[in-house]
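Line order of the protein sequences matches chains A and B.
According to the working numbering, the first sequence holds residues 263 to 535 in order.
According to the working numbering, the second sequence holds residues 263 to 535 in order.
The C-beta atom is built at its ideal place from N, Cα and C for all residues, glycine as well.
Only one structure is covered here, and it is reproduced in the block below.
There are 2 protein chains.
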Amino acid sequence: MLELQHLEYLTVIAEEGTMSAAAERLHLSQPALSRSMQRLEASLGLSLFDRGKNRVELNEAGLLAVAHARAVLSIASEMEQRMEDYKRSLTTITIGSCAPGPLWQLTPDISARFPGMTLSTYLKENDLLDDLKKDICQIAVLDHPVDEAGLICRPYVAESLSILLPKHHPLASKSGLYLSDLDGITMLVYAHLGIWQKLHDEKMQQIHFIVQHDRAAFNDLISASQLPCFSTNLTIQFSNAAENRTAVPILDPEAEIRFYLCAKKKNRKYVEA
Amino acid sequence: MLELQHLEYLTVIAEEGTMSAAAERLHLSQPALSRSMQRLEASLGLSLFDRGKNRVELNEAGLLAVAHARAVLSIASEMEQRMEDYKRSLTTITIGSCAPGPLWQLTPDISARFPGMTLSTYLKENDLLDDLKKDICQIAVLDHPVDEAGLICRPYVAESLSILLPKHHPLASKSGLYLSDLDGITMLVYAHLGIWQKLHDEKMQQIHFIVQHDRAAFNDLISASQLPCFSTNLTIQFSNAAENRTAVPILDPEAEIRFYLCAKKKNRKYVEA
DNA sequence: ATGCCTTACGTTATACGTAATTATT
DNA sequence: AATAATTACGTATAACGTAAGGCAT
């Protein structure tokens, strides 16, 4: 029967060009590698190399075998990855979220309810459902509901955007603003916005953003400057950026996002209220 | 590293339900199988079975592993099949043809030009190009030309259909006939028509066919009866069915098919004139 | 008692490394 | 000389079968 190890060796030889180089990369002696290839050839009943006295070269059968070996190894490696992900899911709860906001509430909540489990979170706009199915995450925070066999989904918090303006700013007295009212202004913004990035890209092109990728630097700038920035109903609870500024709600409908928690049915306990 | 043999064992256990039954099917002792599964579990770092004192049952991780194992084994098995096909192509020329006619000329021709090679032919209407790419056949006889990278293609014979009628038959004096002229008549026909079957299905529904699946029986019937049957420019050279009958060409345009020979470029010698 | 899984033990096969061999550059 | 592959040999690991043990039906 075919052996995955032999296929792995074969592909490395194909990449390195010589058995010596491949053996080194595989932390293996040349003789061992040479014999493994002889065994592979024997098990296939085909010679895979044109052999000179001190060089080998893949022949046509060898090239064909390499192509197929890569396919086999790729599927096998996916299997190993999936099993690893599953193993991980036994001891850690991983939350994939399309936005940072919901995590500020969800993370401590899950952490408190499942004290034995490690908690891990990441931000990603797309394909969270795939991650869920592959056990890459156990909870997905989405911006839309899902109705799919094997999955459970429930509405979670809504997040609504406000702009924090200096108290003396001409717009600070308004009870609400549209994004179009902000034409030409300069704002501070923190980089990792998740799904909110879409709104920035599509409806805030007329706003000049100073983007900060570092959270500490962002907070320092907020405190030290009078520049407007965004807040939401979720951020207000966790950040103290609002001290010298007035929050004015954004009235565009896209400025409110309803989030949904989604999990495999076997993990329903993670998303139940 | 994962071992294909272990994955194979695992899937058989999944199918048989118990290790004993699986061991029997695998021609293996139960203890050997039991230890192999322990090694597989160790290499994954996961237990795959719920173990009672005298029963095992796949757990969730086990079911996941089985699903992936099947995928891996399927790809591996395809690799083995492809390598077998390639090996075969070194000693035998296999011709896949969409109709029997071209083979009557091509087979002896190839046989004479490549005397060291075994020759094998089969009839198949579709997917001959796939077969070519997979080395299942080395020559494909198609009813249409192909222009594809890595393949070479050239026109081969055309085959045109005639009807063999008893000399005294009222239509036997015509110089040509349309299929529509044959409304209601009864004909003998040999079963394995390849691509010609399409013409039968689409434009000869008004003809009553007596189908023979056995070549000898067909020939006997031809000689013993006066029933009309088909011939082509290709059959006439190889069959003696025409003695008591007159050949009248079929004039419908679909009654002539131009065939094309197609092969991988490395096998161009097989299709060159 | 029978069936099913596991552990124990001895045998065989295979993979490995080191060392020696051969041929090429 | 140096490089690259193969062959030879001894050792360790793993697979196997047989035999024995434990627990359920």
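Using a C-beta cutoff of 9 Å, does residue i count as contacting chain B?
i, result
"Q267/A", "yes"
"H289/A", "no"
"Y532/A", "no"
Going by beta-carbon coordinates alone, are residue i and residue j separated by less than 9 Å?
i, j, result
"L472/A", "I447/A", "In the sequence under discussion, the amino acid at residue 472/A is Ile, which differs from the Leu named in the question. Taking 9 Å as the Cβ cut-off, I472/A and I447/A do not qualify as a contacting pair."
"I512/A", "I457/A", "no"
"M263/B", "L266/A", "yes"
"G412/A", "K526/A", "yes"
"R332/B", "H330/A", "no"
"M466/A", "L444/A", "yes"
"E421/A", "N481/A", "no"
"V510/A", "L461/A", "no"
"L325/A", "A276/A", "yes"
"S246/A", "Y271/A", "The structure shown does not extend to residue 246/A, since chain A spans only 263 to 535, so no value can be given for it."
"A545/A", "L352/A", "Missing from the structure shown is residue 545/A; chain A here goes from 263 to 535 and no further."
"A323/B", "L308/B", "yes"
"Q459/B", "E342/B", "no"
"Q367/B", "V419/B", "yes"
"E356/A", "S336/A", "Note that residue 356/A is Thr in the sequence shown, not Glu. No, they are not a contact pair."
"V334/A", "V334/B", "yes"
Any beta-carbon of chain A closer than 9 Å to the one on residue i?
i, result
"L264/B", "yes"
Residue i touches chain B at which residues, Cβ-Cβ below 8 Å?
i, result
"D334/A", "Note that residue 334/A is Val in the sequence shown, not Asp. Neighbours of V334/A on chain B, chain order: V334, I337, A338, M341."
Mind listing the chain B neighbours of residue i? Cutoff is C-beta to C-beta under 7 Å, in chain order.
i, result
"G412/A", "Here the premise fails: no neighbours, minimum Cβ distance about 13 Å."
"L306/A", "M345"
For residue i, which residues in chain B fall below 9 Å Cβ to Cβ?
i, result
"K527/A", "Chain B residues near K527/A: none, gap ~12 Å exceeds 9 Å."
"Y384/A", "The premise fails here: Y384/A is roughly 22 Å from chain B at the closest Cβ pair, so nothing lies under 9 Å."
"Y271/A", "Simply none; closest approach about 11 Å."
"A323/A", "M345, Y348, K349, L352"
Please list, in chain order, the chain A residues whose beta carbon lies closer than 9 Å to that of residue i.
i, result
"M379/B", "Chain A residues near M379/B: none, gap ~17 Å exceeds 9 Å."
So which residues on chain A does residue i lean against when the C-beta distance must stay under 8 Å?
i, result
"Y418/B", "In chain order: nothing, as chain A lies at least about 26 Å away."
"R344/B", "L326, H330"
Under a Cβ-count criterion, where at least 16 other Cβ atoms within 10 Å of its own Cβ denotes burial, should residue i be classed as buried or exposed?
i, result
"Q400/A", "buried"
"P490/B", "buried"
"R507/B", "buried"
"D389/B", "exposed"
"S442/B", "exposed"
"H268/A", "buried"
"T497/A", "buried"
"Y384/B", "exposed"
"A453/B", "exposed"
"S437/B", "exposed"
"G358/A", "buried"
"D397/A", "buried"
"T354/A", "exposed"
"A479/A", "exposed"
"A517/B", "buried"
"A338/B", "buried"
**Message:** I'd like to know if the region 354-374 of chain A and the region 362-380 of chain B are in contact, where contact means that at least 3 CB-CB pairs between them fall below 8 Å.
**Reply:** no
**Request:** Would you check if there are 3 or more beta carbon pairs closer than 8 Å linking the region 401-419 of chain B to the region 517-533 of chain B?
**Result:** yes
**Request:** Determine contact between the region 307-319 of chain B and the region 334-350 of chain B, defined as no fewer than three beta-carbon pairs at a distance below 8 Å.
**Result:** no
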